[in-house]
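To start, the structure under review is shown below, and the notes come after it.
Residue numbers (our numbering), protein chains in the order written: chain A, 60 to 313; chain B, 416 to 640.
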């Protein structure tokens, strides 16, 4: 299914060097260096406005960057490098607001990218779409329209829509942030399943318990820079920086 | 039995003439609507421009048709145009031009609204799938915009059919003018003719426009999501 087994950790799938992003005169990302290995699950944490969503959107070119380079499998992305439309076919993204296409059935939503962007054969895409829908427990909803689904179901479909492109890297941007609490779990379970299958993932989330359980590495961002980067276990037990400590403390009650 | 005056309507000759008038009404409407659709598409997409000058000009054009009565436009072109430029436009052509100019801005405004009502995140999530701009338009933006556009556009079609009756003032022999001619011809011997003829035209307009209006309502309900 294109999901590679977690193998050679030395293989860099994504390398970001000196990334800078400005809006008008405001600097949102101020020199970020980050390397993600194949099969790695990296969770980006940080206070709101720290630039984590922008970082994700820079990786697949939904936001332009003003400085630095992004290498995907060693190839620079964007102008002069791999075209964004091609890069995005290998870098899947799931958004906070699901953004399914309301005029299409679940199945059409899932099949649109593979058929229209990747121009793959219909039979093959159909079989894969059904298999993926089945994996998230929603194959019986394939002919429904998004309006007939709950938030958690929509988000699982959005994940399947991205997966059906056979991405090598998945970006998750606060995908549970607008869900009712009882629906958060079903979405996180799907993501845990992906992690176990060896999918390379870059995840922005505020779900600390999930981050602890799923992440290989925590990237803590603050004010447009990476303030701390640690093994997941270390980060939650003993954060090295004051800023990370303060951030973690906001999640606990005495 | 006293003369109800309905024979003014029931004479074969008069019915044939009313039918011919109706044909002119429909021809005038259909040509204007077709031109408005085609040019409205261009106008509507141009309205989404970020160029302030172009937008200002297009907006001025739109407002000019919103605030100045269509009849004034029609007179300006038909009578004023003939005097000022020696342009010898016949009433039908003048009507087509004015109705199309008006229809274009109204249709364009509906198209602009429909395209702009698609949330930006729809485009974003399609982009994230690696689709090209053209394909995003074809598969994501336009299908959704059409659903929002169609009911309002059909509504405009009924308004254009109704408004085509203004052509009577520049000598176009459409259904209303034919009616007037029949009434005037029968003035002395049949004073009730005006009731029957206008009632007939009333019903004709209803029969044409009501189903169109219903269709718009049904599509609106069907495409609600």
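For every residue, glycine included, the Cβ atom is placed at its ideal position computed from N, Cα and C.
Under the three-state reduction of DSSP output, residue 293(A) falls in the helix class. Burial of residue 172(A) is indicated by the presence of at least 16 other C-beta atoms within 10 angstroms of its C-beta. Listed along chain B, the residues sitting closer than 9 Å to residue 224(A) by beta-carbon distance are 544 and 545. One Cα belongs to residue 599(B), the other to residue 566(B), and the distance between them is close to 40 Å.
Taking a cut-off of 8 Å for Cβ pairs, the segment 174 to 181 of chain A and the segment 127 to 140 of chain A do not touch, as fewer than three such pairs fall below it.
Apart from the 5 residues on each side of it in sequence, residue 421(B) sits with its Cβ closer than 7 Å to the Cβ of 611 in its chain, given in chain order.
Taking one beta carbon from each stretch, the segment 429 to 437 of chain B and the segment 452 to 464 of chain B have fewer than 3 pairs nearer than 8 Å; the two do not touch. Remark: C-beta atoms of residue 219(A) and residue 169(A) approach each other more closely than 9 Å. Distance between residue 573(B) and residue 534(B), taken at the CA atoms: about 29 Å. Apart from sequence neighbours up to five positions away, no residue of its chain approaches residue 84(A) with a beta-carbon distance below 8 Å. Under the 9 Å criterion on CB atoms, residue 634(B) is classed as non-interfacial with respect to chain A. Ranked by how close their Cα comes to the Cα of residue 542(B), the residues 148(A), 166(A) and 184(A) have 148(A) in first place. Secondary structure of residue 478(B) (DSSP, three-state): helix. Check the Cα spacing between residue 263(A) and each of 255(A), 297(A), 158(A) and 118(A): the tightest is with 118(A). Of the residues 477(B), 636(B), 484(B) and 550(B), the one whose Cα lies closest to the Cα of residue 581(B) is 484(B).
As for any alpha helix (DSSP H) of minimum length 4 sitting wholly inside the segment 526 to 601 of chain B, the runs are 535 to 542, 548 to 551, 557 to 578 and 590 to 601, ordered along the chain.
DSSP lists 284(A) as the bridge partner or partners of residue 281(A). Residue 151(A) has 229(A) as its beta-bridge partners, per DSSP.
For residue 493(B), same chain residues with a beta-carbon under 7 Å away, outside a window of 5 residues either side, are 504, 506, 509 and 585 in chain order. Collapsing the DSSP output to three states places residue 197(A) in coil. Remark: three or more beta-carbon pairs, one from each stretch, lie closer than 8 Å, so the segment 255 to 269 of chain A and the segment 224 to 243 of chain A are flagged as touching.
In the three-state reduction of the DSSP assignment, residue 156(A) falls in the coil class, being assigned neither a helical nor a strand state. In this structure, residue 144(A) lies near residue 547(B), with their beta-carbon atoms less than 9 Å apart.
Residues of chain A whose Cβ lies closer than 9 Å to the Cβ of residue 558(B) are, in chain order, 160, 162 and 163.
For residue 627(B), no chain A residue has a C-beta closer than 8 Å to its own C-beta; the minimum C-beta separation is roughly 24 Å.
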